[in-house]
Amino acid sequence: MPVQLVNQIAAGEVVERPAAVVKELLENSLDAGATKIVIDVEKGGTKLIRISDNGHGIHKDDLVLSLSPHATSKIRSIDDLEQVISLGFRGEALPSIASVSHLQLTSCWQGGDETWQLTMNNSAASELSPAANKAGTTVEVRDLFFNVPARRKFLRTEKTEFSHLEDVVKRISLSRFDVDISLRHNQRVVKALRAAKDQLEQEKRIADIFGPAFVEQAVHIDFSYEELRIWGWIAEPTFSRSQADMQYFYVNGRVVRDRLVTHAVRQAYSDVLFHGRHPAYVLFFECNPAMVDVNAHPGKHEVRFRQGRQVHDFLFRAIHKSLAEVKTNDTGSHELHHFSKTAMAKSEHVSTASQPGMQNQYSLQSSMPFAVAEQRRAYKNILSGILFCNCNILCHNDQIIIFNFINNINIPFKLL
Ligand SMILES: Nc1ncnc2c1ncn2[C@@H]1O[C@H](COP(=O)(O)OP(=O)(O)OP(=O)(O)O)[C@@H](O)[C@H]1O
Ligand SMILES: [Mg+2]
């Protein structure tokens with residue numbers, strides 16, 4: 002097969018739409034140690050995607066090579082792949098993107114005073130030419146899928162493509178609080194995120210991305226067990242969602258969608274969330290890279306845990322414990338917990354029996370002085386089933402808290 006066709010086939014898996022191009026280019030910038038990244042797009046990314054970083058750059062001698070299939074500076078052997086900490090390792094993103102667009106690559110190696118540029122059309126690289134000096138690397142991708150009409154047909158409206166692209170930028174921005182990231186669409190600034198140095202600034206970045214409500218109703222957690230660590234923010238059940246659209250999970254800094262993870266988190270929330278509601282979270286899982294197989298999907302969206310059961314139990318316990326500790330009106334943080342070996346070994350899973358309908362299993366008794374009328378109304382609500390429409394039930398330790406969406410009131414009960 003001609004090189005162009007090989008690259009286009011690879012592009013079929015890696016480059017589904019403009020958002021995928023942005024993901025690959027951002028990952029390259031982060032792998033290059035960039036602390037500042039500027040993203041410029043036009044027409045939802047179909048006309049132009051330009052990403053500039055201040056990373057270590059590409060040496061002049063490697064510029065052509067970096068656009069060749071299977072060329073990567075990130076791994077050398079299969080053993081390296083077992084320990085890989087970079088986001089990229091397949092050596093196929095740039096050639097794939099170049100095979101379905103007009104690509105220009107400009108780079109200055111390690112802040113030197115020589116910047117070189119080359120363009121790639123139909124998998125043929127131009128001669129290198131000197132360019133205006135600028136630290137780091139700039140990749141410009143124009144007219145995506147200009148030569149693949151079948152792919153172009155699958156593109157949605159500018160608005161939809163941009164919203165996918167923006168979602169990628171959000172996800173990656175949250176994976177690296179220490180990097181300045183800005184996004185412009187059709188010359189308009191959409192996001193300008195400054196590097197966040199401490200928890201307060203990190204929460205500000207999250208609020209910039211999700212809006213303030215999530216942070217206001219989220220708990221900061223940080224748990225470790227041997228080589229495993231989970232930290233980040235989990236929303237209190239009062240901030241549940243009708244869709245699973247605020248679930249951000251990272252494995253060693255990599256954006257990941259994983260069924261084992263989703264299941265562990267769901268199970269941890271099962272006591273406190275209504276059927277059909279979804280938890281919201283931004284969680285960072287860190288472990289020895291050898292425990293994760295990152296080469297599970299060409300788009301690198303999925304990973305395989307070598308000890309899936311242990312990871313599942315660890316996540317479940319950390320989140321379940323945090324939720325159990327959430328008290329009414331208490332959004333304190335659950336810093337640095339260490340699980341003991343015996344606690345992990347026991348790792349008992351709570352039953353999911355206390356889902357909707359649980360009010361039938363307990364006698365309820367008020368634990369706080371509140372108006373009798375309110376108490377009566379709450380009982381009446383339970384009995385009449387209105388509860389299921391307007392309320393959410395939080396159940397932890399010996400308390401049940403009924404949160405009424407409409408009146409925004411918490412009604413606590415103590416279990417007899
Ligand atoms: N922004 C950048 N800064 C510095 N080097 C870069 C940058 N982008 C690409 N490179 C170099 O070009 C090489 C090829 O990039 P490409 O994205 O195709 O492959 P990769 O990142 O190694 O693997 P993957 O296909 O999994 O992304 C990289 O290995 C890296 O050496
Ligand atoms: Mg890459």
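In the working numbering, the protein residues as written are 2 to 417.
The beta-carbon is built from N, C-alpha and C at its ideal position, and this holds for glycine as well.
Round the Cβ separation of residue 141 and residue 51 to the nearest angstrom and send it over; I've been treating them as touching at under 8 angstroms.
-> 5 angstroms
Which term fits residue 15, buried or exposed, when burial requires 16 or more other beta carbons within 10 angstroms of its beta carbon?
-> Around the beta carbon of residue 15, 16 or more other beta carbons sit within 10 angstroms, so the residue counts as buried.
How many angstroms separate the CA atom of residue 391 from the CA atom of residue 217?
-> Note that residue 391 has pLDDT 46, beneath the 50 cutoff, so the model's placement of it is unreliable and the number below is only indicative. When rounded, the distance between both Cα atoms is 21 angstroms.
With DSSP run on the structure shown, which of helix, strand or coil describes residue 129?
-> coil
Kindly provide the ranges of any beta strand (DSSP E) runs that are 3 or more residues long and lie completely inside the region 134–160, ordered along the chain.
-> 137–143
So the beta strand (DSSP E) residue 205 belongs to, where does it begin and stop?
-> Counting along the chain, residue 205 sits inside no beta strand (DSSP E); it lies in the alpha helix (DSSP H) bounded by residues 200–211.
Check whether the Cβ of residue 14 lies closer than 8 angstroms to any heavy atom of ligand 3, and answer yes or no.
-> In terms of ligand content, the structure shown lacks ligand 3 and carries ligand 1 and ligand 2 instead.
Inspect the beta-carbon positions of residue 219 and residue 236 and report whether they are closer than 9 angstroms.
-> yes
May I ask which residues mark the beginning and end of the alpha helix (DSSP H) holding residue 98?
-> 94–100
Where residue 327 falls: helix, strand or coil (DSSP) | coil
Please name the residue, chosen from 25, 21, 44, that lies closest to residue 186 on a Cα-to-Cα basis.
-> 44
Cβ of residue 1 within 8 angstroms of any heavy atom in ligand 1?
-> In the structure displayed, the chain extends from 2 to 417; residue 1 sits before or after that span and is not available.
Would you check whether ligand 2 has a heavy atom nearer than 8 angstroms to the C-beta of residue 88?
-> yes
How is residue 46 classed by DSSP in three states: helix, strand or coil?
-> helix
Tell whether a beta-carbon distance below 9 angstroms holds between residue 320 and residue 266.
-> yes
Does at least one heavy atom of ligand 2 sit under 8 angstroms from the Cβ of residue 63?
-> no
Does the beta carbon of residue 145 fall short of 8 angstroms from some heavy atom of ligand 1?
-> Flag unset: Cβ of residue 145 not near ligand 1.
DSSP-derived helix/strand/coil call for residue 239 = helix
Compute the beta-carbon to beta-carbon distance between residue 314 and residue 305, rounded to the nearest angstrom, for a pair I have assumed lies under 8 angstroms.
-> Residue 314 to residue 305, Cβ: 17 angstroms. No contact.
Where does residue 121 sit, in a helix, a strand or coil, going by DSSP?
-> Under the three-state reduction of DSSP, residue 121 is assigned to strand.
Alpha helix (DSSP H) containing residue 24: first to last residue?
-> 19–32
For residue 259, is the classification buried or exposed, using 16 other Cβ atoms within 10 angstroms of its Cβ as the cut-off for buried?
-> buried
According to the Cβ coordinates, are residue 262 and residue 24 closer than 9 angstroms?
-> It is not a contact, given that the beta carbons lie outside the stated cut-off.
In terms of residues, what are the limits of the alpha helix (DSSP H) holding residue 283?
-> Note, residue 283: premise wrong, no alpha helix (DSSP H); beta strand (DSSP E) at 282–287.
Evaluate contact between the region 135–150 and the region 54–71, counting only Cβ atoms and requiring at least three cross-stretch pairs below 8 angstroms.
-> yes
Could you spell out the range, first to last residue, of the beta strand (DSSP E) harbouring residue 108?
-> 103–109
Secondary structure at residue 295, three-state DSSP: helix, strand or coil?
-> coil
Since residue 116 sits in a beta bridge, which residues does DSSP pair it with?
-> 109
If you drop the 5 nearest sequence neighbours on each side, which residues of the same chain put their C-beta closer than 6 angstroms to that of residue 286?
-> So the list reads 231, 252, once near-sequence residues are dropped.
Do you know how far the Cα of residue 89 is from the Cα of residue 103?
-> Roughly 22 angstroms separates the two Cα atoms.
Roughly how many angstroms separate the alpha carbons of residue 1 and residue 100, rounded to a whole number?
-> As displayed, the chain neither begins before 2 nor continues past 417, which places residue 1 out of reach and without an answer.
For residue 7, three-class secondary structure by DSSP | It is helical.
Report yes or no: do three or more beta-carbon pairs, one from the region 143–154 and one from the region 171–184, lie closer than 8 angstroms?
-> Three or more beta-carbon pairs separated by less than 8 angstroms are not found between the region 143–154 and the region 171–184, which leaves the two stretches without contact.
Determine the burial state of residue 204: buried for a count of at least 16 other Cβ atoms within 10 Å of its Cβ, exposed for fewer.
-> Classification of residue 204: buried, given that the 10 Å Cβ count is 16 or more.
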